[in-house]
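S.K.:
There are 2 protein chains.
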Amino acid sequence: MHFLIIGGDAAGMSAASRAKRNRPDLEVTVLEQTADVSYSACGMPYNIADRGRAIDDLVVRRAEVFREKQGIGLFTGHRAEQIDPEARRVTAVTREGQPREFAYDHLLIATGAVPVRPAIPGIDLPGVMVLKSLADGRAIKEYLQARAVRRVIVLGMGYIALEMAEALAALGLAVTLTKPRPGLLPWMDPALAAVVEAELRRQGVEVLPGRTVERIAPSDGRLRVTGPDLDLEGDMVLAAVGIRPESRLASAAGLRCGVAGAIAVDARQRTSHDRIYAAGDCADAFHAVTGKRVWIPLALRANRAGWAVADNVCGRDCRLPGVLGSAVFKVFDLQVARTGLTAEEAREAGFETAAVVVQSRSRAHAHPGASEIHVHMVGDRGSGRLLGVQMVGREGVAHRLHAPAVALHAQMSVEQFSQADLAYAPPFGPTWDPLLTAANQLLKRM
Amino acid sequence: MHFLIIGGDAAGMSAASRAKRNRPDLEVTVLEQTADVSYSACGMPYNIADRGRAIDDLVVRRAEVFREKQGIGLFTGHRAEQIDPEARRVTAVTREGQPREFAYDHLLIATGAVPVRPAIPGIDLPGVMVLKSLADGRAIKEYLQARAVRRVIVLGMGYIALEMAEALAALGLAVTLTKPRPGLLPWMDPALAAVVEAELRRQGVEVLPGRTVERIAPSDGRLRVTGPDLDLEGDMVLAAVGIRPESRLASAAGLRCGVAGAIAVDARQRTSHDRIYAAGDCADAFHAVTGKRVWIPLALRANRAGWAVADNVCGRDCRLPGVLGSAVFKVFDLQVARTGLTAEEAREAGFETAAVVVQSRSRAHAHPGASEIHVHMVGDRGSGRLLGVQMVGREGVAHRLHAPAVALHAQMSVEQFSQADLAYAPPFGPTWDPLLTAANQLLKRM
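The listed protein sequences correspond, in order, to chains A and B.
For the first sequence, the numbering used here begins at 11 and goes up steadily by one.
For the second sequence, the numbering used here begins at 11 and goes up steadily by one.
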């Protein structure tokens, strides 16, 4: 039996490795268009911040290891061009332009996502970068090394934009963040966003929301970024305005695509065609709170979905539960995290939304070194259910978020969550954990 | 209506404050035998470690505030001597030896716990200390200030013993820990205990398990601690061998006591007598995993139980869910945490126990500054349920424990927990969180 995989990143290589572990006799082939497989994409901003480290430090497992130790037929430099679901065949083209055909019994599409490049003049100029693939990270590192970069203009204010603002500032560069809409992260409660924005400004980052960029143009060896109320000069521009699922191959093969253009899959990661699975940033998922299809590209799910595909291909029946969009990032001295629905998402999904923001402390009364923890919690008045949590703070945020994520999977009510027996010690929080205080406050509004 | 409370610490003052918030017209009286109310007992080791801070920094709210701002009849220096459940009357004695009687409609016994003093010669010598009340903490600080203490011998290796080892070492003192039984913390998986013991030794603490202390004696102005295979000299001895519930009043009044001598209460915190509640370290609770009565004295539960009593006294029907014994402490650079059952407790409770220990990392592949995280996870082969988790590590342990605690309340299976959508970013953990890796490994043994 031949298991063919298009895409050698998180979902693809997870599936390949697990399939071989499940069934060593299985023939597993991976087609990867770039030269890189199995690297920590999320680690790129931290790697870029460190001139002393090569970008290849992020490679978790080299192609040879997959080939020689694991017996996976891994073809780098092979771009899949077409899927023929009836003939169960994929046509690829090599780096040298040679077409090659690969037959399969089961196919996994793990083509990931691609960065959105705003359609403005100058977006293809040298020095205008994106950050998604290891090649992108390599290009940014090389550019920063080769040029006398002093100021970087970042388009966007999402995770990548903020992580890169920190990385570039760590390199001693001036950073300006700009985006067309007001506010910072679109999903974030305004009270929490204000904390993040204050931290960015405190760290010397220029934050310019509500500005549309119309053009990037060369200007005396630099780059000029202009719009109706914007005129900036920098040495590099990073377009971090988002990503979109790379679902063109799937779509051209007649597979059903949906939310945000992502490939529609069932709980087994199967597409609208029996023998074809999709996993990772190119595929959609069901939301664990609403039950509706969503597209939330994140690393853990990509790995997990890759495993699920491998298990299903090998004859186990593996169905994944829904996603919560649990995410965390670090921006300078702050930890920012979310899980589940925002208040707005909850309203849109038809819940009778109640929400609260509390400010608590990261350590107990009288314990030195405490800082503020801000918790935004959303519940449903109708059912009493907990719907979502966001947090910002200098410590104790990233892992604290795991608890409401588990509560959301368990469909706990806010009251049940408020009664959770959470561990307490003075260096780690108040007796009433910030999460419990938020739940207690939210209960009063339900 | 008169609500009388015996004991002015966590449970007692939580109940008093909440009752007054619920019903400002309620007459609330608190009898506290010491001069101190509402202080952060758990903060004492950290306060003792800091010569520059007064022990009274740990007072959260002063007695006058309770009296004047909250209208609570707070009588410090009043020791309750007898409860007459039929007459609904408590007899107390003042610091000056005057008897006073207090009638009640509802009574809360919140007498807490008292430290166990080993019954050995010399246990009452000056310089032999315990640490439970603020007065104990004050005495230790004063002793350390007044004497040229160089070495402290700590009897016991529980939370307090370990936290105090760190505190005393921070003051530049030599510390020896000793206990009769082998091993470190009795509940801890040996692989994890070895990590904690190595940290203690690395920090210069002498660790002598398996030694029985038979006698403490004065010796040239110092204290000599001896036993069959022990002969130590120090300037102070801290007896930290455990605590027991202070249930003598309740027992003498004919109330039912049970596990470890704790006052037996129902989910509403009601004792075997209708009008009498108990809460805090003197009361038992039901375990959320086994459903059985347990005595696990911890601060959050004391506060929560105090609230529950106030709500019930005020006519709301408040039933508390079970406890998990979730606990965390810091010992030097390590965070140590547990929730739910140990493998041994699980076996004793009749579960078909499966357990695993995994070693993971606190940060992602290639992210600088990572350290080891050790996770011990226990499940039930019969039902598939998650039963308990223990963790040790330098970072990312304390709050990560919240997640399995919530999962235990929700009676999640190990498989469900293994599918939780936990947030990931390179500074905070691997893509597969250590908890998920432990769950994945445990699944293979179930």
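Backbone N, C-alpha and C define an ideal beta-carbon position, used for all residues, glycine too.
Anything in chain A within Cβ reach of residue 420/B, meaning under 9 Å, just list it in chain order.
M.R.: Within 9 Å Cβ-Cβ: 416, 417, 419, 420, 421, 422 and 426.
S.K.: Please state the DSSP three-state secondary structure of residue 345/A.
M.R.: It is a strand residue.
S.K.: Apply the 10 Å Cβ neighbour rule to residue 256/A and answer buried if 16 or more other Cβ atoms are within range, or exposed otherwise.
M.R.: It is buried - the Cβ of residue 256/A has at least 16 other Cβ atoms within 10 Å.
S.K.: Taking DSSP's pairing of strands, which residues face residue 196/B in a bridge?
M.R.: According to DSSP, residue 196/B bridges with nothing at all.
S.K.: In this structure, how does DSSP classify residue 4/B when only helix, strand and coil are distinguished?
M.R.: Residue numbering for chain B in the displayed model covers 11 to 456; residue 4/B lies beyond these limits and cannot be assessed.
S.K.: Can you look up residue 382/B in the DSSP assignment and give me helix, strand or coil?
M.R.: Three-state result, residue 382/B: strand.
S.K.: Would you mind giving the Cβ-Cβ distance between residue 124/B and residue 31/B, rounded to the nearest angstrom? I have them listed as a contact below 8 Å.
M.R.: At roughly 30 Å, the Cβ-Cβ gap does not stay under 8 Å, so residue 124/B and residue 31/B are not in contact.
S.K.: Please report the distance separating the alpha-carbon of residue 409/A from that of residue 229/B.
M.R.: When rounded, the distance between both Cα atoms is 50 Å.
S.K.: Mind the definition here: the segment 305 to 314 of chain A touches the segment 420 to 439 of chain B only if three or more C-beta pairs lie below 8 Å; say whether that holds.
M.R.: They touch, by the three-pair rule.
S.K.: Reducing DSSP to helix, strand and coil, say where residue 78/B ends up.
M.R.: Residue 78/B falls in the helix class under three-state DSSP.
S.K.: For chain A, check one thing: does any of its Cβ atoms lie closer than 7 Å to the Cβ of residue 292/B?
M.R.: No - not a single Cβ of chain A is within 7 Å of the one on residue 292/B.
S.K.: Nearest-angstrom Cα distance between residue 293/A and residue 353/A?
M.R.: Each residue's alpha carbon lies about 25 Å from the other.
S.K.: Start and end of the beta strand (DSSP E) containing residue 363/A?
M.R.: 363 to 371 is the extent of the beta strand (DSSP E) around residue 363/A.
S.K.: Counting C-beta neighbours from all protein chains within 10 Å, is the total for residue 74/A 16 or more, i.e. buried, or is it exposed?
M.R.: With fewer than 16 other Cβ atoms within 10 Å, it is exposed.
S.K.: Using a Cβ-Cβ cut-off of 6 Å (strictly less than) and excluding sequence neighbours within five positions of residue 261/B, which residues of its own chain qualify?
M.R.: Cβ neighbours of residue 261/B beyond the five flanking positions: 267.
S.K.: Could you check how far apart the C-beta atoms of residue 315/A and residue 95/A are, in whole angstroms? I think they sit under 8 Å.
M.R.: Wrong, their Cβ atoms sit about 20 Å apart, outside the cutoff.
S.K.: How long is the line joining the alpha carbons of residue 287/A and residue 281/A, rounded to whole angstroms?
M.R.: One C-alpha to the other measures close to 5 Å.
S.K.: Assign residue 440/A to one of two classes, buried (16 or more other C-beta atoms within 10 Å of its C-beta) or exposed (fewer than that).
M.R.: Residue 440/A should be labelled buried.
S.K.: In whole angstroms, what separates the C-alpha of residue 204/B from that of residue 445/B?
M.R.: If I take the Cα positions, the gap works out to 20 Å.
S.K.: Could you give the first and the last residue of the continuous beta strand (DSSP E) run that contains residue 351/B?
M.R.: Counting along the chain, residue 351/B falls outside any beta strand (DSSP E), and DSSP gives it neither H nor E.
S.K.: List, in chain order, every chain B residue whose beta-carbon is nearer than 9 Å to that of residue 307/A.
M.R.: Within 9 Å Cβ-Cβ: nothing; residue 307/A doesn't reach chain B, min ~13 Å.
S.K.: For residue 316/A, report the span of its alpha helix (DSSP H) as first-last.
M.R.: Run containing residue 316/A: 309 to 323, per the alpha helix (DSSP H) assignment.
S.K.: Going by alpha carbons, who is nearest to residue 413/B out of 437/B, 347/B and 217/B?
M.R.: Closest by alpha carbon: 347/B.
S.K.: Classify residue 381/B: buried if its beta carbon has 16 or more other beta carbons within 10 angstroms, exposed otherwise.
M.R.: Exposed, because fewer than 16 other Cβ atoms sit within 10 Å of the Cβ of residue 381/B.
S.K.: So residue 412/B contacts chain A; which residues on that side make the cut at Cβ distance below 8 Å?
M.R.: Ordered by position in chain A, the residues that pass the 8 Å Cβ test against residue 412/B are 409, 410, 412, 413, 430, 432, 433, 443 and 445.
S.K.: By the three-class DSSP mapping on this structure, what secondary structure does residue 233/A have?
M.R.: In the structure shown, residue 233/A sits in a strand (DSSP, three-state: E or B).
S.K.: For residue 327/B, does the count of other Cβ atoms within 10 angstroms reach 16, so buried, or fall short, so exposed?
M.R.: By the 10 Å Cβ count, residue 327/B comes out exposed.
S.K.: How far does the beta strand (DSSP E) with residue 400/B in it reach, from first residue to last?
M.R.: Unbroken beta strand (DSSP E) run through residue 400/B: 396 to 403.
S.K.: How long is the line joining the alpha carbons of residue 171/A and residue 42/A, rounded to whole angstroms?
M.R.: The straight-line gap from Cα to Cα measures roughly 27 Å.
S.K.: Taking Cβ-Cβ distances shorter than 8 Å, what residues in chain B pair up with residue 3/A?
M.R.: Limits of chain A in this structure are 11 at one end and 456 at the other, which puts residue 3/A out of reach.
S.K.: To the nearest angstrom, how far is the alpha carbon of residue 275/A from that of residue 102/A?
M.R.: If I take the Cα positions, the gap works out to 23 Å.
S.K.: What three-state label does DSSP hand residue 108/B in the structure shown?
M.R.: Coil, per DSSP.
S.K.: For the pair the segment 365 to 378 of chain A and the segment 336 to 343 of chain A, tell me if three or more CB-CB distances fall below 8 Å.
M.R.: Taking 8 Å as the limit for Cβ pairs, the verdict is that the segment 336 to 343 of chain A does not touch the segment 365 to 378 of chain A.
S.K.: Excluding five sequence neighbours on each side, which residues of the same chain lie with their C-beta closer than 7 Å to the C-beta of residue 192/A?
M.R.: If we look at residue 192/A and ignore the five residues flanking it on each side, its Cβ neighbours are 219 and 220.
S.K.: Classify residue 301/B as buried or exposed, calling it buried when 16 or more other Cβ atoms lie within 10 Å of its own Cβ.
M.R.: That one is exposed.
S.K.: For residue 443/B, count neighbouring Cβ atoms within 10 angstroms of its own Cβ and tell me buried if that reaches 16, exposed if not.
M.R.: Buried, by the Cβ-count rule.
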